[in-house]
Amino acid sequence: MIRGWYIGSSGMNAQQNRLDAISNNLANVDTTGYKRSVTASKSFPELLLRRQDFDGVYKIPNGMGSADAAPIIGKLGMGVETNENYIDFSQGSFKVTNTKTDVALGNKGFFVVETPMGERYTRNGNFHIGKEGLLLTKDGYPVMGENGYIHVTDDHFTVNEDGVIMDEDFNEIDRLKCVRFDNERYLRKMGESMYATNEIAGPAHIAEGNERPRFLQGYIETSNVNVVNEMVQMIEVNRAYEANQKTITSEDSMMGTLWTKVAVLQ
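According to this note's numbering, the sequence shown is numbered sequentially starting from 4.
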């Protein structure tokens, strides 16, 4: 019965982790370029239960060997744990802004942003022009081109589908730096719609050819969170959490009864 407490508590912990991810997704449903987090769980190995009042083995006549005679009762699960928390980078929908400094990515890939902690990566193309003529994020971080910081005098520039920035006279200013990763789903969220790489995601490399997305000027990419699906999952999590909670309550009641009976017998 004590094992039942641990099995129930492991289920509650796993559902709590799922609820945290879903809550964060719903809180960022209107965040430009946000990508939903997904929590995956796995079960611990199961145990096969057999009756103990049999010797468990019987001989097959004529020396043909032996077989297991202990009746199988069934399987006993040992609980569940959170296996991984990854990012779903499926494409969000596009929203027209008609603002020259807004750029959306039409496939997988990331803008590169220079921060005090080093380069960070984002899907949020809601940019603006700073006082020094630099193309900046809404948080004031410079957006990187392939030749360094992007200097523009005003918003009278165009961005073609390859990310090349040109002035009014169609002179090339720079090309937006766009990178990809070997395992993008394992990038680490850093807040402010930015990501950092790690050993699992691998180093950033410049997106070229078929890897390079289309650049859409005057658009932003909305969040890929589906509110209805997230709410349905939240209901499922709450019910699963309550079921595990009731399991622990029942186990506790049975254990209390056992202790009471033992105390009476003694």
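Ideal Cβ placement from N, Cα and C applies to all residues, glycine included.
| Item | Value |
| --- | --- |
| For Tyr222, the first and last residue of its enclosing beta strand (DSSP E) | 222-224 |
| Every unbroken alpha helix (DSSP H) within the stretch 82-150, with a cutoff of 4 residues, ordered by chain | none |
| Through-space distance from Tyr222 to Phe160, alpha-carbon basis | 15 Å |
| Given 8 Å, three or more beta-carbon pairs between the stretch 222-242 and the stretch 140-147 | no |
| Expected contact under 8 Å - CB spacing of Ser256 and Thr35 to nearest Å | The pair is not a contact, with the Cβ atoms about 51 Å apart (cut-off 8 Å). |
| DSSP bridge partner residues for Phe218 (one or two, in chain order) | Leu108 |
| Three-state class that DSSP yields for Lys45 in the structure shown | strand |
| CA nearest to the CA of His131, picked from Phe114, Asp158, Tyr152, Ala107 | Asp158 |
| One or two residues paired with Lys192 in a DSSP bridge | Tyr198 |
| Nearest residue (CA-CA) to Phe173, options Asn163, Ile153, Trp8 | Asn163 |
| Three-state secondary structure (DSSP) of Asp177 | strand |
| Nearest to Glu129 (by Cα), restricted to the options Tyr37, Arg215, Ala43 | In the sequence as displayed, the identity of residue 129 is Asn instead of Glu. Nearest option by C-alpha distance: Tyr37. |
| Where Val228 falls: helix, strand or coil (DSSP) | coil |
| Bridge-paired residues (DSSP) for Tyr9 | In the DSSP output, where bridge partners are listed per residue, Tyr9 has none listed. |
| Same chain only: Cβ atoms within 6 Å of Thr250, ignoring 5 sequence neighbours per side | Gly11 |
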